[in-house]
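Colleague: Residue numbers (this note's numbering), protein chains in the order written: chain A, 17 to 459; chain B, 17 to 459; chain C, 17 to 459; chain D, 17 to 459. Note that the Cβ used here is the ideal one computed from N, Cα and C, for glycine as well. Treat the numbers as computed from the prediction; the structure is a model and nothing was measured. To start, I am sharing the structure in question, which I have written as structure tokens.
4 protein chains.
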Amino acid sequence: MEMRLVNALATTEALAEVFSDTAMLQALIDVEVGLARVQARLGILPPGAAEAIAAAAYSEPFDAAALSRAARSSGTVVIPFVQALTDRVRTLSGAAGGFVHWGATSQDIADTAFNVCLAHACDRLAADHDALSAAIERLSDAHATTVMLGRTLLQPAPPITFGLKVAGWHAAGERNWARVTSARREALVVQFGGASGTLAALGPAGLDVGRMLAAELGLGYPDAPWHAHRDRLAAFVTALGVSTGTLGKIARDISLLMQHEVGEAAEPGGRSSTMPQKRNPAAAAVAIAASTRTPGLVAAFLTGMVQEHERAVGGWHAEWPTVAALVQATGAAFEALLGAIDGLAVDPVRMRANLDATGGGVFAECAMMRLAPTMGRDAAHALVQRAVGDRQSSGRPLVDVLAAMPEVTAHVSPDELRQLCSPEGYLGAAESLRLQLLGRCTP
Amino acid sequence: MEMRLVNALATTEALAEVFSDTAMLQALIDVEVGLARVQARLGILPPGAAEAIAAAAYSEPFDAAALSRAARSSGTVVIPFVQALTDRVRTLSGAAGGFVHWGATSQDIADTAFNVCLAHACDRLAADHDALSAAIERLSDAHATTVMLGRTLLQPAPPITFGLKVAGWHAAGERNWARVTSARREALVVQFGGASGTLAALGPAGLDVGRMLAAELGLGYPDAPWHAHRDRLAAFVTALGVSTGTLGKIARDISLLMQHEVGEAAEPGGRSSTMPQKRNPAAAAVAIAASTRTPGLVAAFLTGMVQEHERAVGGWHAEWPTVAALVQATGAAFEALLGAIDGLAVDPVRMRANLDATGGGVFAECAMMRLAPTMGRDAAHALVQRAVGDRQSSGRPLVDVLAAMPEVTAHVSPDELRQLCSPEGYLGAAESLRLQLLGRCTP
Amino acid sequence: MEMRLVNALATTEALAEVFSDTAMLQALIDVEVGLARVQARLGILPPGAAEAIAAAAYSEPFDAAALSRAARSSGTVVIPFVQALTDRVRTLSGAAGGFVHWGATSQDIADTAFNVCLAHACDRLAADHDALSAAIERLSDAHATTVMLGRTLLQPAPPITFGLKVAGWHAAGERNWARVTSARREALVVQFGGASGTLAALGPAGLDVGRMLAAELGLGYPDAPWHAHRDRLAAFVTALGVSTGTLGKIARDISLLMQHEVGEAAEPGGRSSTMPQKRNPAAAAVAIAASTRTPGLVAAFLTGMVQEHERAVGGWHAEWPTVAALVQATGAAFEALLGAIDGLAVDPVRMRANLDATGGGVFAECAMMRLAPTMGRDAAHALVQRAVGDRQSSGRPLVDVLAAMPEVTAHVSPDELRQLCSPEGYLGAAESLRLQLLGRCTP
Amino acid sequence: MEMRLVNALATTEALAEVFSDTAMLQALIDVEVGLARVQARLGILPPGAAEAIAAAAYSEPFDAAALSRAARSSGTVVIPFVQALTDRVRTLSGAAGGFVHWGATSQDIADTAFNVCLAHACDRLAADHDALSAAIERLSDAHATTVMLGRTLLQPAPPITFGLKVAGWHAAGERNWARVTSARREALVVQFGGASGTLAALGPAGLDVGRMLAAELGLGYPDAPWHAHRDRLAAFVTALGVSTGTLGKIARDISLLMQHEVGEAAEPGGRSSTMPQKRNPAAAAVAIAASTRTPGLVAAFLTGMVQEHERAVGGWHAEWPTVAALVQATGAAFEALLGAIDGLAVDPVRMRANLDATGGGVFAECAMMRLAPTMGRDAAHALVQRAVGDRQSSGRPLVDVLAAMPEVTAHVSPDELRQLCSPEGYLGAAESLRLQLLGRCTP
């Protein structure tokens, strides 16, 4: 298990595996072996060399601890890794050792291997996204007609449906994922350029090596090496960051609905260590924590973009921990929210009760808009303002206060008033918008 | 002039204007007037009301200072602005005052007006990008065959062409701008949802009002109001942030090439206040400053994404200064680099001299790759290592050291060696890559 | 008025003035004139030169717009400013023009002038802090015995006093301000080193000039010029950032207490543009917005710390907008919270009602701790767990459920139970802690 | 070994251990056992309970993987840990199991245990700082009289000594460490407040428990629990961030001095995977990478400060990975720079050669300052400007050009000129400043 206590809330098990020593070594090996095989096919490597390299590479695990230690004095893990692989090939097959890493630079291997890992991570994130998105859509459908308070600046506003609120989560999630997917396609490309990015060491075959290596590893093939141009990865990283912002928003909504005083929805949650009665929004906490951390991680990546010449001092070297943390944070938020949404206990009765508890105050706008065309908006506004004052001092529902005002009933019958000032009567385009947000009809 | 001393390096004049009080007020007015006109066309407003509102709105400037002051106690500038507009309409035309801001919520106006400003900003940024991109392309073409040192980790690496380096800048810039453009299309949409985002106050016509308002203002029309979902703006903001990262990279490259000890390229630069002989990389400083500030600004926007329910407390209120600063930083970097690139003095002789000054050390890889297939890579590596040592102690060029080694000349003639170890002979796919980066052929 | 609409929520009027063109120019002038006067006193400047420089400098305003424009091509506003000042002195007094900016480098003037502005800003922030701190202390005292729910993870927890909660705000504010004050003392020092920071141009008198200039301007005097070492400013900036984090926490607490469903406290707030009944937490929004923006601004400053050699390319040039934004954000949060706290309507009845509405669930811990020593914690935990279940299904208060359980009354009398499970009976060290937090007794 | 490949450049071995599962579990155990012991001493726990808890806790390792997994559904690792510890005590000693975690809340344990780990981390960082600081001081002393170019905006400026430059690094490092130390003292305090922070569950003894627990663990004791007030940790975290900014600055300086074209200093560095001749600034890369990542990590912590009520949803949960990453980044930078500084190869001959290669251009200021008092600054400036032009076109040293100008020699003899325009003659207060920066005399 690759998760750590210090990091337990910040990842999922699956994503911890993706960036584990085992997985990273696998990717490094796959890239070096893939390179050898491609070069063998092109006749660049002598017969047998690629097989010898593969046999050595896969023979037994490398010593990740030793490589990590050596990485710091080399500035990259690739240099000691290539050394270890070469030593092993040499031991097993002599001369083939000389063809390990042929024509490559260490950043070629590091970037390509990391992108192989990111591809695995993306596959897992995609599954998480799909599951969450489906759960959210089901939740929205289940509550298409469940009325609740709209809340702006944490104050009561005219009613919405819970289905509409949830559809808003859905649409943002879909937009975010479309951006991540597009950024992934662009970013997860092979890196292969040799020492200065010109492929000079391989002569005319260099471009072919890169193209075939990309195919071998299931990565895209870019217009040129991108050792010091990290905008594609940056676009991927920022797309994840934006996505996690939305996940944090959903989690915050849930945590607010779950307050004892609101009580409209509750995630399954976690238990307290001391308070037997308590159910904590643990999933929301995990997702909000992810959205708390990601902006800074995005900033860290962008800061590193200012890279020197053909390969950077430091900017590049800062990327791995940042990207791995960001991917895992996104995954942790997905996983937590999936549990929260799937197990969400929704209380429509409480939703209605909280709405009613405003005494109809949220229909003040509605009444004003209805009266304005006939009596003028200013008069209507003043009238409703007065009714709101009466409501607050008397505790009577606004609709009753209004129905008792002759200036009002001169224009609107008490029945129409009652109809108007009901949640169902004041939902506007809520259902159309919900369907549009779910992509079922076009705006 | 809207630029400030404290902000002088952080904007352009044009972009300072875009976010000036005058321009912001214009946008706010245009949105409220546009709303009234659209509602008049739909028969929602009584005849004459829209004209009265327009007449009042455009009659004389609003007091930006008073509005700014009042904005803080309201949490938004829109509330005092609507109050001021309403008062004015009421004074001029009586009842029409009641129809100002009909069915809208303040965030509808704030978001839409800000997007109108952003559209103007984008037009200016687009022009800046285009100009810079063209200048960079010209520079690359002019130096397609200018050889220079590749530099990795700020150390000499095999040669590249200056044209290739510059083409890398170009391709990153084009990718960035494509992302900004795509994000702009998605983000610069109208906001119109009324108090809770359901358009309830306007009844069935609400959706039409939004659609027509978008058309009136030249903005896109989204699937639903997005008061608390800021992912589209976030994607726009991050695309700018990524773009500025690349601009910082270009500027850093220039500042490094301009070092006295390197002397390969120089921007026109600025004068020192005390040192008569000095030319400072002022444009690079401005662009690097922009790329220093943008990651934090991006983080600030992403932090604000975790917004409560149907409208946030604070997250939304944090956006304007952040986005305006980011847009202006991007523009400042574009403008500065345009001056730097257009006026860049390139010194191909110095480039060659710096290459030669490595004594051919950068061809060590080349020699090793040439010798390896015949003598084995290990032997080749050891041999070349020894030659490099001799070169360093003797000061003789590597090619001469190699040409004097019988183990070498047994495999490669001195002539071939000299050919191999020349910059022109070791450029690999540089020109193909350059053309690919400029989009003139496909990878 | 120097505030802008785009920035209206992000500053106070007073702090907008501090960084206005007028104030910045005043500071630049004061530094150059101060330098001349000090040098005159030391006999470095010929008689009359300092007076001539002062007379010219103060004769009429400089053209801030032109200076801002020129700043970008110079990389600093100081170069065109010195040019303009020199031209003016020359026009008025001929040869004295040659002694403007004598022995200084532009960064000497820029840093020193900015620190002069920051000193003014700090004075204003200090007054804001003091006022807020006093208001918070009064609020805590007024509610020393007002019981309310503790809330952890937004769920009910055992009771606290409102006075304790508010005292927590107070202590954090005081700690923060102590850090800001200490950082200010360290950071607001003169910068004077000349071209390379050795004061070579002034010969042996250089150190005296700097020391006297510091005294002249009321700034501290550091061990050496700090052109490329920005840690002191960074410490000041981060202290402000930490401070604003606490202000955001206070504002979030207020916004949560002000929810309609909670209703325990309300800031005076702002009106809605459409909903007559609504009172918005406008002050909380402004303060939370500040705390949303500051982490990124802090990051931007820290990013710029990696400065090259004796003066940076870009890192330094990024500072002014960042620091000015951060200082103003802090001030905006102070001002907003001062209004919120001073005008806070606290509802102790509602606090008690919300506590009671938990049905005593928050005393489950209390009951368990009381029973455990006699019956064993496990048995006690199981028993209380069962009572909590009964309470939830029956709706009866926990204390009644417990009082009806013979296993409980075997150990604790119903009277003791009732005493135990009252808020006043379960406040623990709340008042001691409150007094410690207010600094009135030591822990 | 607890380091990971993905994180290899981002930590040291020692600091990876500090945050390892083993160390974190040890801290959690120490806190729970310490709590039991303290409560036993106070008579709160029955005789034998504390020994039973200790015996069980230390009997065999806990299953970190299982705890990590369970942490996510609980929102904290403490809940499953307490459960596991309780189960074990119960199995071994029956009733004593009921006294595990007595009166504590999970955040009490989490915060206190993490602070125990941070105390260990600080001890290691302090040793690293001390070693680095001593190495830097030695380096400064060794080069007190080694002249080199000052460089501003990466352009030549008047000479400095290498000892002065290095003393600047030293002083910044000392200031930073003083801030970290002060912040550590404030931040590394015990957390002990129980469910709502009032210590209600423990009655009057609560305060004593906290005080004695602090002593038991070697932590400080604060005025009150600080569950939702994170400013002390924030101040610690930002102090580390500022410190790492300076380390990045030092590393950047080294990487720039190590450029082939500059060649003034070189760290031992790492080998390239393909280029036999190459020595990479691997240590600088590691340190710059750290300073690239820390601003975003600081921002992430500050973002999390806006915590709700008595315990946050998410803000708190975001802290561990951020703080651990930041501490390790700081340590990685210290370790890397210690290697770089200790093994730094300095080339005073090259320093002088680079200075000479400016042709005396950097003395232009000097000449101008010398001539100005007699001929007027304007005339002097114009004259020197002309000489600089001549120098650039002719290639002759500036001093020769000046010595050939009668307007110059009318005022200054060629001998004095030669003296003036020598590096040693134009170092100003360099040595005084160096001693001040090293704290050997006061400014």
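Name the residue from B:Arg-227, B:His-276, B:Ser-212 and B:Phe-317 whose alpha carbon lies nearest to the alpha carbon of Val-258 (chain A).
Modeller: Numbered from 1 along the first sequence, position 242 holds the residue referred to as residue 258 (chain A). When only C-alpha atoms are compared, the closest one is B:Phe-317.
Colleague: Tell me the rounded alpha-carbon separation between Val-278 (chain A) and Asn-131 (chain B).
Modeller: Numbered from 1 along the first sequence, position 262 holds the residue referred to as residue 278 (chain A). Numbered from 1 along the second sequence, position 115 holds the residue referred to as residue 131 (chain B). Distance between the alpha carbons of Val-278 (chain A) and Asn-131 (chain B): 35 Å.
Colleague: Got a sec: is the Cβ-Cβ distance from Pro-459 (chain B) to anything in chain C below 8 Å?
Modeller: Here residue 459 (chain B) is taken as the residue at index 443 of the second sequence, counted from 1. It does not: the Cβ of Pro-459 (chain B) has no partner Cβ on chain C nearer than 8 Å.
Colleague: Name the chain A residues that come within less than 8 Å of Leu-21 (chain D), Cβ to Cβ?
Modeller: Locating residue 21 (chain D) in the fourth sequence gives position 5, counting from the first residue. Result: Asp-37, Met-40, Leu-41, Ala-80, Leu-83, Ser-84, Ala-87 and Val-93.
Colleague: Starting from the beta carbon of Asn-192 (chain A), find every residue of chain C whose beta carbon is closer than 7 Å, and list them in chain order.
Modeller: Reading the first sequence from its first residue, position 176 is the one you call residue 192 (chain A). Chain C residues near Asn-192 (chain A): none, gap ~20 Å exceeds 7 Å.
Colleague: The beta strand (DSSP E) that contains Val-22 (chain A), what's its start and end?
Modeller: To locate residue 22 (chain A), count along the first sequence from 1; it is residue 6. Val-22 (chain A) -> no beta strand (DSSP E), and no H or E assigned at all.
Colleague: By a C-beta neighbour count over all protein chains shown, 10 Å radius and 16 as the cutoff for buried, is Val-365 (chain D) buried or exposed?
Modeller: Locating residue 365 (chain D) in the fourth sequence gives position 349, where the first residue counts as 1. It is exposed - the Cβ of Val-365 (chain D) has fewer than 16 other Cβ atoms within 10 Å.
Colleague: Using the Cα positions of Trp-332 (chain D) and Glu-202 (chain B), report the straight-line distance between them to the nearest angstrom.
Modeller: As a working mapping, residue 332 (chain D) is identified with position 316 in the fourth sequence. As a working mapping, residue 202 (chain B) is identified with position 186 in the second sequence. So the two alpha carbons sit approximately 34 Å from each other.
Colleague: Which bits of chain C does Thr-319 (chain A) rub up against, with CB to CB less than 7 Å?
Modeller: Taking the first sequence and counting its residues from 1, the one referred to as residue 319 (chain A) is at position 303. Ordered by position in chain C, the residues that pass the 7 Å Cβ test against Thr-319 (chain A) are Thr-319.
Colleague: For Val-329 (chain B), tell me which candidate among C:Arg-20, C:Leu-25 and C:Gly-377 has the shortest Cα-Cα distance.
Modeller: The residue given as residue 329 (chain B) occupies position 313 in the second sequence. The candidate whose alpha carbon is nearest that of Val-329 (chain B) is C:Leu-25.
Colleague: Can you give me the start and stop residues for the beta strand (DSSP E) that Ile-176 (chain A) sits inside?
Modeller: Counted from its first residue, the first sequence places residue 176 (chain A) at position 160. Per DSSP, Ile-176 (chain A) belongs to the beta strand (DSSP E) from 171-177.
Colleague: Since Ser-149 (chain A) and Gly-179 (chain A) should fall inside the 8 Å C-beta cutoff, what is the C-beta to C-beta distance between them, to a whole number of angstroms?
Modeller: Within the first sequence, numbered from 1, the residue matching residue 149 (chain A) stands at position 133. Within the first sequence, numbered from 1, the residue matching residue 179 (chain A) stands at position 163. About 15 Å separates the two Cβ atoms, so there is no contact after all.
Colleague: Measuring straight from C-alpha to C-alpha, what distance separates Met-17 (chain D) and Ala-349 (chain D)?
Modeller: Position 1 of the fourth sequence holds residue 17 (chain D). Position 333 of the fourth sequence holds residue 349 (chain D). Low confidence applies here, because Met-17 (chain D) scores a pLDDT of 44, under 50, leaving its location unreliable; read the following figure in that light. Using only the alpha carbons, I get a separation of about 20 Å.
Colleague: In terms of residue numbering, what span does the beta strand (DSSP E) encompassing Arg-167 (chain C) cover?
Modeller: One-based indexing of the third sequence puts residue 167 (chain C) at position 151. Looking at the DSSP string, the run of the beta strand (DSSP E) that includes Arg-167 (chain C) is 163-168.
Colleague: With DSSP as the reference, please indicate the residues paired to Ala-72 (chain D) in a beta bridge.
Modeller: Here residue 72 (chain D) corresponds to residue number 56 of the fourth sequence, with the count starting at 1. DSSP output for Ala-72 (chain D) lists no bridge partner at all.
Colleague: Do Glu-351 (chain D) and His-243 (chain D) count as a contact pair if the criterion is CB distance below 8 Å?
Modeller: Within the fourth sequence, residue 243 (chain D) is the residue found at index 227, counting from 1. Within the fourth sequence, residue 351 (chain D) is the residue found at index 335, counting from 1. Not closer than 8 Å, so no.
Colleague: Compare the C-beta of Met-367 (chain B) against all C-beta atoms of chain A and say whether one is closer than 8 Å.
Modeller: As a first step, residue 367 (chain B) must be located in the second sequence, where it is residue number 351. No - not a single Cβ of chain A is within 8 Å of the one on Met-367 (chain B).
Colleague: Within a Cβ cutoff of 6 Å, which residues of the same chain sit near Asp-127 (chain C), ignoring the five residues on either side of it in sequence?
Modeller: For the purposes of this step, residue 127 (chain C) is taken as residue 111 along the third sequence, with counting starting at 1. The answer, listed in chain order, is Gln-207.
Colleague: My guess is that Val-47 (chain B) and Leu-233 (chain B) are in contact by the Cβ rule of under 8 Å, so how many angstroms apart are they, rounded?
Modeller: As a position in the second sequence, residue 47 (chain B) is number 31, starting the count at 1. As a position in the second sequence, residue 233 (chain B) is number 217, starting the count at 1. Sure, about 7 Å apart at Cβ, within 8 Å.
Colleague: What in chain D is Cβ-close to Gly-312 (chain B), meaning under 9 Å?
Modeller: Walking along the second sequence from the start, residue 312 (chain B) turns up at place 296. What Gly-312 (chain B) touches in chain D: Pro-311, Gly-312 and Ala-315.
Colleague: Are Phe-252 (chain C) and Cys-133 (chain C) closer than 8 Å when you measure CB to CB?
Modeller: Position 236 of the third sequence, counted from the start, is the residue given in the question as residue 252 (chain C). Position 117 of the third sequence, counted from the start, is the residue given in the question as residue 133 (chain C). No. Outside cutoff.
Colleague: Sort out for me which residues DSSP pairs Ala-348 (chain D) with in a bridge.
Modeller: Taking the first residue of the fourth sequence as position 1, residue 348 (chain D) is located at position 332. In DSSP, Ala-348 (chain D) forms no bridge with anything.
Colleague: Among A:Ala-65, A:Gln-42 and A:Met-164, which residue has its Cα nearest to the Cα of Ala-111 (chain A)?
Modeller: On the first sequence, position 95 is the one that residue 111 (chain A) refers to. Among A:Ala-65, A:Gln-42 and A:Met-164, the Cα nearest to that of Ala-111 (chain A) is on A:Ala-65.
Colleague: Taking Cβ-Cβ distances shorter than 8 Å, what residues in chain D pair up with Asn-131 (chain B)?
Modeller: As a working mapping, residue 131 (chain B) is identified with position 115 in the second sequence. By Cβ distance, chain D contributes nothing, its closest Cβ being about 26 Å from Asn-131 (chain B), past 8 Å.
Colleague: Taking the alpha helix (DSSP H) that Arg-407 (chain D) belongs to, which residues open and close that run?
Modeller: Counting from 1 along the fourth sequence, the entry for residue 407 (chain D) is found at position 391. Unbroken alpha helix (DSSP H) run through Arg-407 (chain D): 393-410.
Colleague: Any beta carbon of chain C sitting closer than 8 Å to that of Met-391 (chain A)?
Modeller: Residue 391 (chain A) sits at position 375 when you count from the first residue of the first sequence. Chain C contact via Cβ: absent.
Colleague: Which residues in the same chain as Glu-381 (chain D) place their Cβ atom closer than 7 Å to its Cβ, once the five residues preceding and following it in sequence are excluded?
Modeller: Taking the fourth sequence and counting its residues from 1, one reaches residue 381 (chain D) at position 365. So the qualifying residues of the chain are Pro-174.
Colleague: Establish whether the CB of Gly-50 (chain D) and some CB of chain A are separated by less than 8 Å.
Modeller: Here the question's residue 50 (chain D) lines up with position 34 in the fourth sequence. No, Gly-50 (chain D) does not count as interfacial toward chain A.
Colleague: Would you say Met-274 (chain D) lies against chain B (beta-carbon separation less than 8 Å)?
Modeller: Position 258 of the fourth sequence, counting from 1, holds the residue named residue 274 (chain D). Yes, because at least one Cβ of chain B sits closer than 8 Å to the Cβ of Met-274 (chain D).
Colleague: What's the C-alpha gap between Val-378 (chain C) and Ala-43 (chain C)?
Modeller: In the third sequence, counting from the first residue as 1, residue 378 (chain C) sits at position 362. In the third sequence, counting from the first residue as 1, residue 43 (chain C) sits at position 27. Straight-line Cα distance between these residues: approximately 58 Å.
Colleague: Decide if the segment 219-234 of chain A is in contact with the segment 93-100 of chain A; the criterion is three or more beta carbon pairs, one per stretch, under 8 Å apart.
Modeller: Not touching, per the Cβ criterion.
Colleague: What separation, rounded to the nearest whole angstrom, lies between the Cα atoms of Ile-125 (chain C) and Thr-214 (chain C)?
Modeller: Within the third sequence, numbered from 1, the residue matching residue 125 (chain C) stands at position 109. Within the third sequence, numbered from 1, the residue matching residue 214 (chain C) stands at position 198. Each residue's Cα considered, the two are about 16 Å apart.
Colleague: Closer than 9 Å, Cβ to any Cβ of chain C: which residues of the segment 222-234 of chain D, in chain order?
Modeller: Answer set for the segment 222-234 of chain D: Gly-222, Leu-223, Gly-226 and Arg-227.
Colleague: Any idea what DSSP makes of Val-417 (chain D), helix, strand or coil?
Modeller: Counted from its first residue, the fourth sequence places residue 417 (chain D) at position 401. Looking at Val-417 (chain D) - three-state DSSP - the assignment turns out to be helix.
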